[in-house]
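The next block holds one structure in the form of structure tokens; read it before the comments.
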Amino acid sequence: MELTSPGTTVGIVGGGQLGRMLGEAASPLGIELVVSDPTPDAPAAPAVRDQVVGEFDDEATVRELARRADYLTYEIELADPDVLDAVAEDTGTPVHPHPETLRIIQDKLVQKRRLAEAGVPVPAFRAVDSADELRSALAELGYPAMLKAREGGYDGRGNVPVAEPGDVEATFDAIDGPAMVEEFVDYERELAVMGCLGADERTTFPVTETIHEAEILRETVSPARASEQVRERARAVTRDVLDVMQGRGVYGIELFETGDGEILLNEIAPRPHNSGHWTIEGCHTSQFGQHLRAVTGLSLGSTGRRAPTASKNILGDVDGRQPARLTGVERPRSSGTRIHRPEGCSRRYGTQLSRCRSRRSTDSDCCGYFRSRIAFSGVSRADTGV
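Just so you know, we're using the working numbering here: the sequence shown kicks off at 3 and counts up by one.
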């Protein structure tokens, strides 16, 4: 296995679950991690060398992170690209992906415009700064449509559907800030591809099918249950997206497959993404190991799939005060199933509590296993004996 130079340290802005999984991938590569996060003892803290406590966009915090690191990256889009630029220039610590990439992606309107200019297929969209502008845009795009906050949205937050003309005022008020509206895409399925830019090479992971509920990712299936022609179109769009991005690292690229088999770009994350968690068990190199390889200038690893793999995110559906029970999971040794329970997460509704991933001999085995067996529920203390 290729290792970094002794003592190579990567500083990560953000110490959440992604930071923790990066920490787990770092050790075999001989890489140490330091994270910054406003929450003391953040979820990533047990898996890294040290944590700097401070806001994601605080310049003093990022400077301290750079002082302790050879490279900087980020696992959350709340980092400030201007701060990253200034720190990189003053300290000589390289930032990957490049802050300009973060600047483009943070604003969904800028992101879509830049990609459309590069010839990447995207849904029709319009900038809207008032309810009247939204109404005019919808006269062109039609109903229904999706109104999106330009900044700050993630995991479906900041996205509000507009079903009919009577919804315009309330929908715009719900966003409460600069927005863009997109045409409604009547898609066949949602897809995702993890792409990676290295020092002088690039790779793509297998095309993955993603299943969402209430705009939150619940399941992934790889290989995606789409034709090979559709999967190749998805890879081609991914390559076009990577041409626009600056800086080394993994990019999570979310796509729509339309009813006629075409591919449209949905959104991009300049970091490892929850649609790629399945690569930990499912590929020879995980998205987390690949990201660290890219950031530190190592050669990229194989993205070949070990076996058909499915993943299910287990989200809290209780009030956060009750104990919780995960049922239906066979013994990992016999089933090819792995359960990941991140520390430091809440049981509140919509919060990710666990991830289950299963490698099976066929695609249908993976999907059927999760849909028929695994469940999460809140239970009383009497039921658990606590």
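Just so it is clear, CB atoms sit at the ideal spot from N, CA and C, and this is done for glycine as well.
Remember, it's a predicted structure, so these values are computed and weren't measured experimentally.
Contact under 8 Å by Cβ, Arg308 with Ser301
no
Comparing C-alpha positions only, which one of Ile218, His279, Lys150 and Val36 sits nearest to Phe207?
His279
Hey, Gly251 and Ser277 are a contact pair by Cβ (cut 8 Å); roughly how many whole angstroms apart?
Approximately 16 Å separates the beta-carbon atoms of Gly251 and Ser277; this is outside 8 Å, ruling out the contact.
Would you be able to state if there are at least three C-beta pairs under 8 Å between the region 7 to 25 and the region 76 to 85?
yes
Could you tell me which of Ser229, Glu26, Tyr189 and Leu266 sits nearest to Ile213, measuring between CA atoms?
Tyr189
Three-state class that DSSP yields for Leu163 in the structure shown
Checking the displayed sequence, the identity of residue 163 turns out to be Pro instead of Leu. If DSSP states are grouped into helix, strand and coil, Pro163 belongs with the strands.
Straight-line Cα distance separating Val246 from Val124:
14 Å
Given that a residue counts as buried once 16 or more other Cβ atoms are within 10 Å of its Cβ, and exposed if not, what is Gln292?
buried
Local Cβ density within 10 Å of Glu215, reported as buried at 16 or more and exposed below that:
exposed
Could you tell me which whole alpha helix (DSSP H) segments of length 4 or greater appear in the region 250 to 305?
281 to 284 and 289 to 298
When the Cα of Arg70 is compared with those of Val232, Glu203, Gly94 and Ala201, which residue comes out closest?
Gly94
Since I believe Ala129 is in contact with Glu171 (beta carbons under 8 Å), could you give me their beta-carbon distance rounded to a whole number of angstroms?
In fact, because the Cβ distance is near 18 Å, the residues do not count as touching under 8 Å.
Check whether the region 82 to 97 and the region 135 to 147 touch, using three or more Cβ-Cβ pairs below 8 Å as the test.
The region 82 to 97 is not in contact with the region 135 to 147.
Rounded to a whole number of angstroms, what is the C-alpha to C-alpha distance between Glu283 and Glu211?
16 Å
Going straight from the alpha carbon of Pro42 to that of Glu61, what length do you get?
18 Å
Between the Cα of Leu193 and the Cα atoms of Ala49, Pro310 and Leu267, which residue gives the shortest distance?
Leu267
Could you compute how far the alpha carbon of Ala49 sits from the alpha carbon of Leu111?
36 Å
Minimum C-alpha distance to Asp52 - residue among Arg116, Asp82, Pro30 and Thr11:
Nearest in C-alpha terms to Asp52, of all of Arg116, Asp82, Pro30 and Thr11, is Thr11.
Going by C-alpha distance, which of Ala201, Asp202 and Gly261 is nearest Ser229?
Gly261
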